[in-house]
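**Student:** One structure, as structure tokens, below. Some questions next.
Residue numbers (the numbering used here): 548 to 855.
Shown next as structure tokens:
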């Protein structure tokens, strides 16, 4: 093979290698930093790009997706000198690939150390009970501080969460006893309130029952009195009508005498132990006759008055 043929083959291979090195494909949600002769040149976004081979050097792809960093527990001392173990979870996202590449060395390690120091500062101002009940407050303060500190690094802190708060074993036992005593106290209070309400309801029920019974007795007495009144009125009307009918029938002496004997018979059947009978029994008929005549006289006078 002639020499010029070998030169053409070598030249063609170099061209192919140069073209291969000049093409850079960036995947979705990634960014690539380009340095030209050791100096920052540009940042490549998603897509296909051409660079100058042998002069431009590309960095590793930098993920722009949200990253979750779970940091190991850190010893933290509260305001009342209680040492606790607290581990945190940080959600962050790279917003500037250039600042992320040149802002700080080992960004994840820097965020971890910054999180630990910030957590110690915040919890050191709180007592044990406040630390256990103020998770949201601690999370918010840490997010604001970390976001401001990592902004020059091209990092955006989205969320910070306290994953676990572990007090010492003796403190945990004391807290459990306190919680148990509190639950028992609440149970006793609820039981006492339930018994109180039950007693009140029973008393109110008895009161209502007595009121209703009194109302029923009152109505019963009223109805009984009205019934007795109606009965007396009906009896009086019946006697009045009977007397009127007798007067209209104009009874003779024999009928009156017979009624007198009937009255004596009823008197004899009574429970009285002594019965006084007139010596002259015939006078009884005369007595009833005089009574009948006295009943007739007002009737005759009324007829005379009507004629006048």
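The beta carbon of each residue, even a glycine, is placed where N, CA and C say it ideally should be.
Everything numeric in this text was worked out from a predicted model, so none of it was measured.
State buried or exposed for residue 676, treating a residue as buried only when at least 16 other CB atoms are found within 10 Å of its CB.
**Tutor:** exposed
**Student:** How should residue 631 be labelled, buried or exposed, when 16 other C-beta atoms within 10 angstroms of its C-beta is the threshold for buried?
**Tutor:** buried
**Student:** With a threshold of 6 angstroms on Cβ separation, who are the neighbours of residue 567 within its own chain once the five nearest residues in sequence on each side are excluded?
**Tutor:** none
**Student:** Using 10 angstroms around the beta-carbon of residue 565, count the other beta-carbons present and answer buried if the total reaches 16, otherwise exposed.
**Tutor:** By the neighbour-count criterion, in which a residue is buried when 16 or more other Cβ atoms sit within 10 angstroms of its Cβ, residue 565 is exposed.
**Student:** Assuming residue 605 is part of the beta strand (DSSP E), what are its boundary residues?
**Tutor:** It spans 603-605 - the beta strand (DSSP E) in which residue 605 sits, taken as one unbroken run.
**Student:** By Cβ distance, which residues of its chain are closer than 7 angstroms to residue 643, with the 5 residues on each side in sequence left out?
**Tutor:** 701
**Student:** If I measure Cβ to Cβ from residue 597 and keep anything under 7 angstroms in the same chain, skipping five residues before and after, which residues do I get?
**Tutor:** 569, 570
**Student:** If you follow the alpha helix (DSSP H) that residue 659 is in, where does it begin and where does it stop?
**Tutor:** 654-670
**Student:** My assumption, with CB atoms under 8 angstroms, is that residue 624 sits in contact with residue 671. Please give the rounded CB distance.
**Tutor:** 6 angstroms
**Student:** Look at residue 594 and residue 573 and say whether their C-beta atoms are less than 8 angstroms apart.
**Tutor:** Their beta carbons are under 8 angstroms apart, which means residue 594 touches residue 573 by this criterion.
**Student:** Tell me whether residue 707 is buried or exposed, calling it buried when 16 or more other Cβ atoms sit within 10 Å of its Cβ.
**Tutor:** buried
**Student:** Opposite residue 594 in the DSSP bridges: which residues?
**Tutor:** 573
**Student:** Specify the secondary structure class of residue 674 as computed by DSSP and reduced to three states.
**Tutor:** coil
**Student:** In the DSSP assignment, the beta strand (DSSP E) including residue 584 goes from what residue to what residue?
**Tutor:** Element bounds for residue 584: n/a, residue is neither H nor E.
**Student:** Out of curiosity, what's the CA-to-CA distance linking residue 734 and residue 693?
**Tutor:** 44 angstroms
**Student:** Please say whether residue 718 and residue 633 have beta carbons closer to each other than 8 angstroms?
**Tutor:** no
**Student:** To the nearest angstrom, how far is the alpha carbon of residue 737 from that of residue 678?
**Tutor:** 30 angstroms
**Student:** Does residue 692 have its Cβ less than 8 angstroms from a Cβ in chain D?
**Tutor:** Within the model displayed, chain D is absent; a lone protein chain is all it includes.
**Student:** By DSSP, does residue 699 sit in helix, in strand, or in coil?
**Tutor:** helix
**Student:** Distance check for residue 764 and residue 855, CA to CA, integer angstroms please.
**Tutor:** Caution is warranted here: a pLDDT of 45 is assigned to residue 855, below 50, making its placement in the model unreliable, and the coordinate value is therefore given only provisionally. Roughly 57 angstroms between the two C-alpha positions.
**Student:** Is DSSP giving residue 782 helix, strand or coil here?
**Tutor:** helix
**Student:** Kindly indicate the opening and closing residues of the alpha helix (DSSP H) around residue 639.
**Tutor:** Unbroken run through residue 639 is the beta strand (DSSP E), 630-641; no alpha helix (DSSP H).
**Student:** DSSP on residue 610, reduced to helix/strand/coil?
**Tutor:** strand
**Student:** My understanding is that residue 576 touches residue 612, with C-beta atoms under 8 angstroms, so please give their C-beta distance in whole angstroms.
**Tutor:** 5 angstroms
**Student:** Pull up the CB-CB distance for residue 685 and residue 709, whole angstroms please, since I reckon it's below 8 angstroms.
**Tutor:** 6 angstroms
**Student:** Where residue 604 and residue 578 are concerned, what is the direct C-alpha to C-alpha distance, given to the nearest angstrom?
**Tutor:** 14 angstroms
**Student:** I'd like to know whether the C-beta atoms of residue 599 and residue 640 end up nearer to each other than 8 angstroms.
**Tutor:** no
**Student:** Would you mind sorting residue 689 into buried or exposed? The rule is 16 or more other CB atoms within 10 Å of its CB.
**Tutor:** buried
**Student:** Determine whether the beta carbon atoms of residue 617 and residue 629 lie at a separation below 8 angstroms.
**Tutor:** no
**Student:** Taking the alpha-carbon positions, what's the residue 585 to residue 658 distance?
**Tutor:** One alpha carbon belongs to residue 585, the other to residue 658, and they sit about 27 angstroms apart.
**Student:** Can you tell me the Cα-Cα spacing of residue 698 and residue 654, whole angstroms?
**Tutor:** 12 angstroms
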